[in-house]
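Read through the structure below, which is laid out as structure tokens, and then see the notes.
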Amino acid sequence: MPLVVPDAWRPRGIADLEPNAWHVLRRQGNTCVVAGPGAGKTEFLAQRAAYLLETGACPEPHRVLAISFKTDAAENLAARVRERCERAQADRFVSMTFDAFTKSLVDRFLPALAADWRPTRPYGIDFSRRPQVEDFLTRARLAAPQPWQAVVAGLGPSDFESKIVGSFRLPLQAMAPATAVEFVIERWWSELLRRPGRSLVTFTMLNRLAELLLRARPQIARALHATYPFVFVDEFQDTTHAQYDFLLSAFGDPRITVTAVGDDKQRIMVWAGARTDAFDRFEAEFAAERVPLLVNFRSSPDLVRIQHVVAQALDAGAIPTVAQSGRRVDGDVAQVWTCPTAAGEAQHLAGWLAQDMAARGTRPRDYAILVRQTADRFEEQLAPTLAAVNLRLRNESRALGRTTLQDLLVDAYAEIAQALLRLGVARRAPAAWQIASDAVLRLRDADPDDELACLRAEEGLSMFLQGLRATMAATPPSTAAAEALADVVLTFVDAQALARSFSEYATGDTLAIALEAFRLHLAACADGSPDWATCLDCFTGVDQVPLMTVHKSKGLEYDTILFVGLDDAMWWSHSAGNPEGIATFFVALSRAKQRAIFTFCRERGQRTRVADLYGLLTAAGVPEVAC
Numbered sequence: 003m004p005l006v007v008p009d010a011w012r013p014r015g016i017a018d019l020e021p022n023a024w025h026v027l028r029r030q031g032n033t034c035v036v037a038g039p040g041a042g043k044t045e046f047l048a049q050r051a052a053y054l055l056e057t058g059a060c061p062e063p064h065r066v067l068a069i070s071f072k073t074d075a076a077e078n079l080a081a082r083v084r085e086r087c088e089r090a091q092a093d094r095f096v097s098m099t100f101d102a103f104t105k106s107l108v109d110r111f112l113p114a115l116a117a118d119w120r121p122t123r124p125y126g127i128d129f130s131r132r133p134q135v136e137d138f139l140t141r142a143r144l145a146a147p148q149p150w151q152a153v154v155a156g157l158g159p160s161d162f163e164s165k166i167v168g169s170f171r172l173p174l175q176a177m178a179p180a181t182a183v184e185f186v187i188e189r190w191w192s193e194l195l196r197r198p199g200r201s202l203v204t205f206t207m208l209n210r211l212a213e214l215l216l217r218a219r220p221q222i223a224r225a226l227h228a229t230y231p232f233v234f235v236d237e238f239q240d241t242t243h244a245q246y247d248f249l250l251s252a253f254g255d256p257r258i259t260v261t262a263v264g265d266d267k268q269r270i271m272v273w274a275g276a277r278t279d280a281f282d283r284f285e286a287e288f289a290a291e292r293v294p295l296l297v298n299f300r301s302s303p304d305l306v307r308i309q310h311v312v313a314q315a316l317d318a319g320a321i322p323t324v325a326q327s328g329r330r331v332d333g334d335v336a337q338v339w340t341c342p343t344a345a346g347e348a349q350h351l352a353g354w355l356a357q358d359m360a361a362r363g364t365r366p367r368d369y370a371i372l373v374r375q376t377a378d379r380f381e382e383q384l385a386p387t388l389a390a391v392n393l394r395l396r397n398e399s400r401a402l403g404r405t406t407l408q409d410l411l412v413d414a415y416a417e418i419a420q421a422l423l424r425l426g427v428a429r430r431a432p433a434a435w436q437i438a439s440d441a442v443l444r445l446r447d448a449d450p451d452d453e454l455a456c457l458r459a460e461e462g463l464s465m466f467l468q469g470l471r472a473t474m475a476a477t478p479p480s481t482a483a484a485e486a487l488a489d490v491v492l493t494f495v496d497a498q499a500l501a502r503s504f505s506e507y508a509t510g511d512t513l514a515i516a517l518e519a520f521r522l523h524l525a526a527c528a529d530g531s532p533d534w535a536t537c538l539d540c541f542t543g544v545d546q547v548p549l550m551t552v553h554k555s556k557g558l559e560y561d562t563i564l565f566v567g568l569d570d571a572m573w574w575s576h577s578a579g580n581p582e583g584i585a586t587f588f589v590a591l592s593r594a595k596q597r598a599i600f601t602f603c604r605e606r607g608q609r610t611r612v613a614d615l616y617g618l619l620t621a622a623g624v625p626e627v628a629c
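Structure below.
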């Protein structure tokens with residue numbers, strides 16, 4: 003495809019960009035883009051990728067690397083770039099999470115690590131739970147030299163791994179602890195790496211090992227620079243100590259252009275180690291220009307006004323954004339429902355949902371039920387009541403093996419496999435055919451310009467689908483049948499081809515995690531389904547009301563959000579003015595396009611701790627309604 007002259011380049015698939023977005027898109031230096039709710043940051047990054055690839059600013063064979071905090075954000079951005087670019091250019095766009103990227107480096111270059119820091123191959127992934135860390139710190143304190151014990155006793159389990167371990171750069175060789183903190187860090191690494199059998203590592207430890215590799219083997223850093231002259235970092239406000247330090251080591255070279263996108267007001271991952279000074283550090287250490295995006299493409303003007311009241315509680319100097327969406331509902335755009343009992347709350351919510359869908363012609367997935375935590379518990383409480391009005395609740399935070407339902411649905415293999423199964427029950431499914439045919443061309447390494455290779459790949463797909471349709475027509479849904487179909491699909495797709503064609507599967511156990519979750523979810527959906535079409539609708543969540551934690555809702559949007567549990571019991575760790583609590587509240591509110599509803603249940607607790615949040619709603623003119 004011929005290159006486009008930069009001045010002649012126009013946005014792909016959209017009418018235009020706002021002036022500040024144009025400025026950043028063409029900018030050659032590092033940039034910190036402040037993108038508030040509804041600013042269209044995924045679209046902006048996709049347009050910048052298209053600009054770099056189509057104008058030759060990022061010439062072949064170089065690539066653009068996008069690093070995200072969440073799997074779904076990484077997959078959504080990759081999908082948007084595929085929509086905006088020709089395949090040859092989209093193939094030079096690599097979108098991964100921080101964890102996947104650093105893990106891939108360690109897996110690929112494991113032998114290059116010094117023996118003192120090298121995990122076994124294979125190694126296990128450890129998710130350090132609070133009791134585990136508390137037990138470790140207790141043992142470390144007892145084992146520490148007497149002068150260091152008080153310091154060790156002062157280390158807290160909540161941020162030990164993310165902040166203490168995460169902010170420490172490993173020495174090239176074995177360390178001789180000179181301080182109490184170094185003593186504890188060295189002991190942590192030793193216990194997990196040198197345990198009997200295979201080593202255990204956390205994702206923070208993998209990050210530290212990847213950063214060590216870049217210093218120990220400068221040629222690896224040079225290879226990264228040669229491959230990725232342009233780097234995007236999404237959800238930058240959630241960048242941890244370890245991730246920022248890795249970013250600095252990997253792409254702090256002035257020849258690399260880094261575009262960081264995020265919003266301080268949506269920083270809700272401090273508990274997981276997010277830096278509170280990431281933007282300021284990035285500006286200083288990367289010589290970056292900070293540029294705000296000033297348009298909200300998601301929410302109605304009335305909701306944007308309410309959001310700004312909350313935004314000012316986080317940043318007194320917050321700049322108002324301009325709403326581009328119109329209002330499409332009558333009455334209040336936001337309410338607080340006050341209910342005496344949890345059962346009454348559930349009944350009111352279910353009845354209101356059914357009534358609103360009937361009156362407006364909306365679908366279940368136009369709504370989302372958000373909770374701060376314990377989505378499984380709320381699923382048990384709400385699912386039967388919604389079922390009584392013929393609505394099905396879907397807990398998107400539910401665990402599936404070693405991942406979650408939400409992460410599975412944006413996994414590349416799950417998308418391909420689901421498309422193939424959809425074609426097994428419906429000959430006319432153009433979206434599924436597009437996904438399946440594009441995947442087969444990629445998996446069979448068919449050059450788009452090689453007509454014969456493309457024809458052979460599509461003939462192979464057609465033959466497979468012919469057999470798949472016969473099998474699915476003759477076999478009713480069941481757990482065993484679903485597991486057998488999962489095997490049939492995997493055999494056709496070919497695990498080795500997946501690992502060769504998709505960088506996220508090239509190393510480690512990412513593919514194994516996806517395969518396990520796919521089988522579990524397909525089998526669960528098949529159980530009780532009258533036919534395979536219904537099973538696949540269940541798999542993708544058709545006509546199901548999503549339930550998720552606020553953290554899982556980041557980057558998503560819905561016509562109406564219902565935030566259940568704005569009370570002290572659910573917000574037990576919140577205190578008046580706490581920035582992370584207000585940011586969580588802000589994220590929940592800003593998922594809504596047309597309406598935001600918050601519920602309070604007297605039976606569940608008081609609202610003393612969250613009085614400041616209610617104060618913000620009152621200041622914004624949000625009424626309370628008894629249910």
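Following my numbering, the residues of the sequence shown are numbered contiguously, the last one being 629. We treat Cβ as the ideally placed atom computed from N, Cα and C, and that holds for glycine. Quick caveat, the model's predicted, so the values are computed rather than measured.
The residue from A92, R189, D128 and F111 with its alpha-carbon nearest to that of L139 is R189. If you check the CB distance, P149 and R132 do not come in under 9 Å. Distance from the CA atom of A472 to the CA atom of P548, rounded to whole angstroms, is 33 Å.
Between the stretch 418–429 and the stretch 487–494, the count of C-beta pairs closer than 8 Å reaches three or more; the two stretches touch. For the pair of segments examined, the stretch 549–563 was found to touch the stretch 589–599: the number of CB pairs separated by less than 8 Å reaches three.
Per DSSP, reduced to three states, the secondary structure at Q245 is helical. In the assembly as shown, G15 is an exposed residue. Its beta-carbon has fewer than 16 other beta-carbons within 10 Å.
Around the C-beta of G168, 16 or more other C-beta atoms lie within 10 Å, and the residue is accordingly described as buried. Shortest Cα-Cα distance from A37 to any of L211, P231 and A320 involves A320. Here G264 is buried: its Cβ has 16 or more other Cβ atoms, across all protein chains shown, within 10 Å.
Looking at the backbone, the Cα of A23 and that of A228 are separated by about 27 Å. In terms of CA proximity to V297, S327 leads the group E88, A431, S327 and C87. When DSSP states are grouped into helix, strand and coil, T405 belongs to the strand group.
Nearest Cα to L393 within the set Q357, E85 and T493: Q357. Within its own chain, the residues whose Cβ lies closer than 8 Å to the Cβ of I258, once the five positions on either side in sequence are excluded, are H227, Y230, P231, F232 and V233, listed in chain order. Secondary structure note for Y616: its alpha helix (DSSP H) is the uninterrupted segment A613 to A621. When beta bridges are read from the DSSP output, V627 appears opposite W339. Note: P548 is bridge-paired with R396 in the DSSP secondary-structure output. Uninterrupted beta strand (DSSP E) stretches at least 3 residues long and entirely within the stretch 277–308 occur at 291–295, given in chain order. In the DSSP assignment, I515 falls within the unbroken alpha helix (DSSP H) covering T512 to A528. Shortest Cα-Cα distance from S70 to any of A59, Y53, L47 and F100 involves F100.
For D18, the closest alpha carbon among the candidates G42, C341 and V35 is that of G42. In the assembly as shown, W534 is a buried residue. Its beta-carbon has 16 or more other beta-carbons within 10 Å.
When secondary structure is reduced to three states using DSSP, G346 falls in the helix class. DSSP, read as helix, strand or coil, puts Q91 in helix.
Looking at the DSSP output, C34 bridges to A262 and R292. Per the DSSP secondary-structure output, R597 pairs in a beta bridge with T562. Straight across, the Cα-Cα distance linking Y369 with A274 is about 28 Å. Counting of Cβ neighbours within 10 angstroms places L5 among the exposed residues, the total staying below 16. A Cβ-Cβ distance of about 6 Å is found for the pair V338 and F602, placing them in contact under the 8 Å criterion. Taking a contact to require three or more Cβ pairs closer than 8 Å, the stretch 569–579 and the stretch 607–620 qualify as touching. Under the DSSP definition of a beta bridge, C603 partners with C341. Residue nearest to F103 within the set R444, D93 and T73 is T73 (criterion: CA-CA distance). Among the bridge pairs identified by DSSP, S97 is matched with A68. Inter-residue distance for R429 and A416 is about 20 Å (C-alpha atoms, whole angstroms). Residue L211 holds the alpha-carbon nearest to the alpha-carbon of A117 among D247, L295, D279 and L211.
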